Each structure stands twice: as structure tokens, then as C-alpha cells.
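Undergrad:
Written out as C-alpha cells, the structure reads:
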């Protein structure tokens, strides 16, 4: 069951999927429609999941579930991954590779492989103050506080 993102409690579980390329506005509009349709029928063991999403920077898909109402289970999580995989195929993008880094270069959102990001650190093209997207956050509270942070305040700090 879809609910507005801001209505979910801060302890709601989230999953963040980053695209290896920027979506067009038209693609993001289609994705939004598909997400709403998916979330309306998303369930765990026959019980609807109170869930929502956010789309950010034409690059990120954030899905959230209020686990206090009904926890997402293995099968329901599998169905969400299958949904994400269908988006990957439809739009020829990579949304599941966690070995990439997305960060801000001024107003631009950059996406690099981990190897390329490490090289940029070595070359001082990015610094400890570079804003990175910490997609390892687990709930809405962490997302609000620790998703867009200086690299030194995230798991990326090990590269400096």
C-alpha cells in the first residue's frame, strides 16, 4: 500500500538504488508511475506493505517500508529486486552494482567506479569534503542525516 514518503516513520527501512547514468525527465516520470503501481500491490505473506519512494537527482530510486506495520520478508524483497531488474532492462541502466560511487562535483552529480574514485582521491580531484551519497543507510532517519555527506563522514573516508 503506497503512502506519502513523509508519512512513514523515521525507523522505516529503505533501499537506495543508484543509476549509472542520469535518467531523462520522461524516463523518471515513467519510473514514478511504475513505482506507484508496484508499491500499491507490494505485499509480504499476503499483507500489504506500507511503503513509499522518492526519486532524486534523476539518478536515485529510494524505496521505503514501514516495518512496524508489516516487515518486508525474503519473498517481498525478492519481488522488489525483480522490479528494479525490470527497470534496468527497460532503461538499459545499472541500478544494483554497489561497487560504484556517486558524488557531487559542484552542481553536477558524478558516477564513477570504485577504482576510478580511488584514483580521483589519489589525484586530489576529490577531497574529504566532497559530498558523497552514502547508499548504505538503512532507514529514513539515517537517510535524512547521513545520505548526502562529506566523504570523511561516510564509508568513503577509508580512501583518504
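Residue numbers (UniProt numbering): 1 to 160. From the three backbone atoms N, C-alpha and C, an ideal C-beta is built for every residue, glycine too. Treat the numbers as computed from the prediction; the structure is a model and nothing was measured.
From residue 99 to residue 157, what distance separates their C-alpha atoms?
TA: 15 angstroms
Undergrad: So, residue 2 versus residue 40, is the Cβ gap smaller than 7 angstroms?
TA: yes
Undergrad: Exposed or buried, what is residue 61 when buried is set at 16 or more other beta-carbons lying within 10 Å of its beta-carbon?
TA: buried
Undergrad: If you reduce the DSSP assignment to three classes, tell me which class residue 122 lands in.
TA: helix
Undergrad: Quick check on DSSP: helix, strand or coil for residue 45?
TA: coil
Undergrad: Taking the beta carbon of residue 14 as the centre, do at least 16 other beta carbons fall within 10 Å, making it buried, or is it exposed?
TA: buried
Undergrad: When burial is assigned at 16 or more other CB atoms within 10 Å of the CB, is residue 52 buried or exposed?
TA: buried
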